[in-house]
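Here's the structure we're looking at; comments come further down.
2 protein chains.
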Amino acid sequence: MVVSVLSLGACGGEQYVEIKGTPVCPNATPNAVVSATPSAGPQAPVAPVLAADEGMWLLNDFPTERVKAQYGFAPDKAWLDHARLSSVRVGRGCSGSFISKQGLVMTNHHCAEGCIANLSTKKKDLNKLGFNAQTDKEETACPGMSIDQLVDITDVTARIDGATKGKQDKAFLDAQHAEIQKAEKECVSPGFRCDVVTLYQGGRYHLYKYRRYDDVRLVFAPEAAIGFFGGDPDNFNFPRFDLDMALVRAYDNGKPVATEANYFAWSKEGPKASEPTFVTGHPGRTSRTITTAQLAFLRDIANPTRLLRWSEMRGMLTRYSAESPEKARLARPDLFRVENALKGVKGREAALLDPEFFGSKVTEERSLRARVDGDPALKEQVGGAWDAIAAAQKDAQALYIRHEMLETGWAFGSDLFDHARDLLRLTEEETKASDRLLEYSASRAERVRQRILSNEPFDRDYETMKLTASLTKMVEMLGPDDAVVKKILAGKSPAEVAQNAIKTTKLVDQKARKELLVGGKSAVVASTDPMLALAKLVDDDARAIRKTWEEKVEAVERKNGELVAKARFAAFGTSIYPDATGTLRVSIGHVEGWMEGDKKVEPFTTFGGAFDRATGKEPFALPKSWLDAKSKLDLTAKLNFVTTNDIIGGNSGSPLIDKEGKIIGLIFDGNIHSLGGDYGYEPKNNRSVAVHSGAILHALDKVYGAQRILGELTR
Amino acid sequence: MVVSVLSLGACGGEQYVEIKGTPVCPNATPNAVVSATPSAGPQAPVAPVLAADEGMWLLNDFPTERVKAQYGFAPDKAWLDHARLSSVRVGRGCSGSFISKQGLVMTNHHCAEGCIANLSTKKKDLNKLGFNAQTDKEETACPGMSIDQLVDITDVTARIDGATKGKQDKAFLDAQHAEIQKAEKECVSPGFRCDVVTLYQGGRYHLYKYRRYDDVRLVFAPEAAIGFFGGDPDNFNFPRFDLDMALVRAYDNGKPVATEANYFAWSKEGPKASEPTFVTGHPGRTSRTITTAQLAFLRDIANPTRLLRWSEMRGMLTRYSAESPEKARLARPDLFRVENALKGVKGREAALLDPEFFGSKVTEERSLRARVDGDPALKEQVGGAWDAIAAAQKDAQALYIRHEMLETGWAFGSDLFDHARDLLRLTEEETKASDRLLEYSASRAERVRQRILSNEPFDRDYETMKLTASLTKMVEMLGPDDAVVKKILAGKSPAEVAQNAIKTTKLVDQKARKELLVGGKSAVVASTDPMLALAKLVDDDARAIRKTWEEKVEAVERKNGELVAKARFAAFGTSIYPDATGTLRVSIGHVEGWMEGDKKVEPFTTFGGAFDRATGKEPFALPKSWLDAKSKLDLTAKLNFVTTNDIIGGNSGSPLIDKEGKIIGLIFDGNIHSLGGDYGYEPKNNRSVAVHSGAILHALDKVYGAQRILGELTR
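Chains as they are written, first to last, in this note's numbering: chain F, 1 to 715; chain S, 1001 to 1715.
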């Protein structure tokens, strides 16, 4: 599943993949927030070799000529503006689209899974039962879920560059953070969210303004058995037979949002083979332009470390799930995320371990360096950047585990700790006039507040299990003789520390968190809540390693990454697309199967195929509703299909639209060959996987009798 | 812990590391059983650069001059013969030594752990309680445990080479297997075991004859809390505070074996700083001479795959252990093995990922290749070997998972399956006049029979958990559409298949297995036992992938590995030591600490240090016996120490002896820098870790009051 998760400070204010309670920076070396004015010098805009259909393009910088040449059609500004306003970011790490005038939003089942889990109880498991609101009143609020609509984009490159001009290292970084906070603060107002987005590793800075909807309610979800039919074995594979959809609705002041013209109409027919397919969505992060030294760090250190940690977590959650159906229900979202992340990073690691692929990266870098070396002025300015970044990887290697453990929070694998840290840091940072941690700055504080006040339920036993496991991992990875480890354990076992922190914490209760938030720093300081005590105990150490990491790794990577970016941007300008940044992009492709070895994989699957594949055993058990409806279904109707669109984690829930801007499908996955997409697009076999627009109508009609919803869609 | 595990066919009849029920070939590309007569040509014996104290030497080919030059002393033949006959192999993958005239054998606590677990019950957990037989009668038989004493060595190089002369690929391999079986069969007789051992990757073949003792009884074991004090966090670390010892006794015809002069006397004082220390033991396997292409395969494919699988298993076993003390007891041996293997392979992987280390391997290979290229005759004969091996790695990559899953048995993670496969294959192979699978050949059948008839207890719930997990992994790794997977599942879930196979299998019962064994092929064929049915169901597929693997990978590696070995052996002869082969070796070193960064690590720890390190919480909780005895103990007495001896997994339980052949310590571990020892010896920081001989006496006396045992040791 191509899901990613946005926000939170653990990754320096950038996107992270959230393993519940364990935010994970997708890259150990986050794409640099670097400053580099595109050189206006004499460089000819030498276009790099892009594969056909490669690219996650900015909607305000669309490769019109390129697309027209390939497809005989390219969207104009009106088309792109409409697509921008009809596309949304869903929750932390998914995409979606408005599909009616009344704020109805389509996304994936697995993107609404947090909501579905939070609205479930031991007696009423919506993952098993599905959900279909028969009336407005039955639409139920999703705790903590939000919808962002990108309403405005401003280029702020000049002001950010002005603020950092002549500055070095940490001073450079601090000045940049300060200016970003200022720009965001000037932009933000209630109901909105503003982010300065770093494009082209610092070639451009754009200020994105979002209309933010916090009142999001569940309208429809099928059973997980069909939403995620085939489970982990079929994940990232094709042929596929999933109705991986969910519908939610954005509310404002207790009423459905009036979407007006900003929604996509529906194409029952779906894609036509000869026509281009467009995906608008929020690809989370790619690392297609980082240096080979950074890629080697990911390949040899960061990816293997994560894979081992997640594998262990998977084993633990699998066993926990086997203990009872209720425990399985509790663990399900985490288990899904872990398995999805595992499969994804395995694929990325396989790409990096492929000598041919890594070799192409080396060649690419050599070619750019040769270009730099051929230009004396550029060489003097930029020539040392690659080696400097390579040197920083040694520091990264030494600091990595400690940084991830204490600051990213691997050691503290319970959401309750995140609440504690948010409360502690937000109330602390709010007392500062300047130099705040970026993610707790004035412009971003509101999101933190929303996070703190979300009202998802907690199970103390489950949280204790997770915290015990992560503290045990901390002891393993930092060693029992580490001073922080000793301080945290204080002669106790990890299990005892976890039990202590969770058994009586009031942070499970939204009201208690609200009281502390309202009470501010003095209330938080005075509190004796044991989970808050744990957060306090480690905060100095966590901030210390963060500072070291920022100085020794991030600052070096940013400064020198900026120089590399400068060389690249000077050469190619916007004839290339920027690496994904969790913000809105459009990709262009078309329906096409591929050759798996010597076997042709057809692009479409059918309803009948789902019944053929079903064994009656999880994860290949169709839900009763489908078995009952079989005779009413057109088994030849198309269910899923693949296209050549260039997508990545974060694109889950993206609409697939045709030339006329109509929904022809719903992106929910990439195939196995897409997994290296983090580091490069492989045109021959890389495919995105979508639910067919007609299949959604057919299932809503024949399986779920969801006439209320069908009536709302414009066909 | 430097434990390894011997025998079983899954690794082509070679050593494997056993994760209970899941035999794991230590190398995906087992050290070749290749034939290469040492060239008697004009090559000057150019000695390679060996580090000081590097080497796991043959006792019948000892580097006398080298050792004498370094230490002013070298053992003579009598010393070495006495050491050989006083050293033993313990169980599958450990070492030990006779330490009395009455067959008393010293090994590690973790080497006797299988026995300790098998003799434990829910009510009487010997891991918690320890064990101290007060009389002969209380000495209790260890199910399935055996002791091998190496009584004779014959050089059979000429006959093996003669049998394979002029043969290629599979024919070569088959002829070699046949001749090995013949040589072993001629040698073996009741109470003995014979193995043809391949040394120098085929430079030499030696026939080893062992006196085998099957009646092994537990005499003494301390509590696991002190045997493995510090647990996984301290494993492979130092300073260390473990009494990782156990005593067993070899019996013959119901009486303690009369060891006569073949035992080591005791040195209460332990090692003297200036003197050499000798380790005699059974290092399991090193891969110091395989090609860089093979190393890259381990680094990129085999090691990462194992690490992920074991990490997941660790998570599962950890959670299972948390469910109840009884479950913790059941899972303990597996959890220990998994954690130990994980830490070991992580260290090996880190070595391979170290550019400097891997670079040295590349340089070494280039140098040998240059030498070959400089000799036209040698070049024509050997020159293509490296590339051929590199090409085989591509096949290995394609076949690896399937081979490990079906033939090595990753898919079938219950010991009960191993029993079923042993019964199925032994009774089948016994009907064949020739072409038997090597591990079921006439000369080796007796060991299989012993394995089948061992009477360890089984817990069906626990076995079901493991089999479910491994079958689930099979579905993941081969995919749900794989024909074998479909055949095994037959529409059921992995959990159902596992329950089916285990719920009513009679193979839990030694008597039932004996009946089948006695009944032979017809009885096995007629049996409807569900576990046997599973073994039958997959046997053709498992044999098929084994055959393909042997042809495409093993045969190529052997044939060409032989050529590489030829080049190396021609150059260096026996002035270098052969890679470890699970057979008896001696290594020479001395007591010495090391510098950990800028911190000096002292070579000795004391009893007092253990009390200082104790927190009262597992794994840092000293047992009650130690807490009670504290006032009686000399807290300044030495407990553990490190030496420079070159050891590896399999050396666990090895005696550490002085010039006079007296016990000065008991090897139980290597430090963290020893973990890359599989691929090369790093003299600066690589250390082996031992219990001090005086500490053993002191603890037996003051903590355990084990006067009966003390009286038996010659001091």
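Even for Gly, the Cβ is constructed at its ideal location relative to N, Cα and C. Quantities reported herein were computed from a predicted structural model and do not represent experimental measurements.
Put simply, the CB of LYS1361/S is far from chain F, with every gap to its CB atoms at 8 Å or more. For ILE1588/S, the beta-bridge partners assigned by DSSP are PHE1278/S. Taking each of GLN1450/S, ASP1435/S and ARG1543/S in turn and checking the Cα distance to GLY1409/S, the smallest one comes out for ARG1543/S. In this structure, ASN671/F keeps its C-beta atom at 8 Å or more from the C-beta atom of PHE241/F.
Sorting ASN1060/S, ALA1690/S and ASP1422/S by C-alpha distance to the C-alpha of ILE1153/S places ASN1060/S at the top. LEU330/F and HIS1673/S have their alpha carbons spaced roughly 41 Å apart.
Cα atoms of PHE1192/S and SER324/F: separation of roughly 51 Å, rounded to the nearest angstrom. With respect to chain F, the C-beta atom of SER1493/S has a partner C-beta closer than 8 Å.
Residue environment: GLU515/F is assigned as exposed (fewer than 16 neighbouring CB atoms within 10 Å of its CB, all protein chains considered).
Look at the segment 1315-1341 of chain S: the residues with a C-beta under 8 Å from a C-beta of chain F are GLY1315, MET1316, LEU1317, THR1318, ARG1319, TYR1320, ALA1322 and GLU1323. Sequence-distant Cβ neighbours of GLY1520/S in its own chain, meaning closer than 6 Å and more than five residues away, are THR1427.
By the CB criterion at 8 Å, LYS617/F and LYS1492/S fall inside the cutoff. Straight-line measurement puts the Cα of TYR1577/S at about 40 Å from the Cα of PHE1131/S. Annotation for GLY1519/S: no beta strand (DSSP E) segment contains it, though the alpha helix (DSSP H) segment containing it runs 1510-1526. Taking the C-beta atoms as reference points, GLU139/F is found no nearer than 8 Å to ARG314/F. Contiguous beta strand (DSSP E) elements confined to the segment 548-578 of chain F do not occur, taking only those with 3 or more residues. Separation of VAL1151/S and LEU1085/S (C-alpha to C-alpha, rounded to the nearest whole angstrom) is 7 Å. At a cut-off of 8 Å between C-beta atoms, ASP678/F does not count as an interface residue with respect to chain S. A check of alpha carbon separations from SER654/F across HIS282/F, ASP232/F, ALA133/F and PHE417/F identifies HIS282/F as the nearest.
Looking at the DSSP output, THR154/F sits in a beta bridge with LEU207/F.
When the alpha-carbon of ILE1647/S is set against those of ALA1133/S, ASP1669/S, ILE1657/S and ALA1293/S, the nearest one is in ASP1669/S. For GLU364/F, the enclosing alpha helix (DSSP H) covers residues 355-373.
With respect to the C-alpha of ALA495/F, the residue from GLU550/F, ARG708/F, GLY413/F and ASN560/F having the closest C-alpha is GLY413/F. C-alpha of LYS128/F to C-alpha of VAL586/F: approximately 34 Å in a straight line. Of the candidates LEU317/F, VAL518/F and LEU173/F, the residue whose Cα lies closest to the Cα of ILE452/F is VAL518/F. Taking 8 Å as the CB threshold, GLU364/F stays off the interface with chain S. Contact between LYS1536/S and LEU1424/S holds, since their C-beta atoms are separated by about 6 Å, short of 8 Å. Nearest CB-CB separation between MET313/F and chain S: below the 8 Å threshold. Sequence-distant partners of ASP422/F (beyond 5 residues in either direction) whose C-beta falls short of 8 Å from its own C-beta, in its chain, are VAL448, ARG451 and ILE452.
Taking 8 Å as the threshold, the shortest C-beta distance from ASP482/F to chain S does not fall below it.
For ARG1240/S, the three-state secondary structure derived from DSSP is coil. Under the criterion of beta carbons closer than 8 Å, ASP334/F and LEU317/F qualify as touching, at roughly 6 Å. Restricted to the segment 276-323 of chain F, the alpha helix (DSSP H) segments that are unbroken, complete and at least 4 residues in length are 292-297 and 303-323, listed in chain order. Look at GLU1682/S here: in three-state DSSP terms it is coil, with no helix or strand label. Contact annotation: GLU275/F and LYS659/F have beta-carbon atoms nearer than 8 Å.
Going by beta carbons, ARG568/F and LEU368/F fall inside the 8 Å limit.
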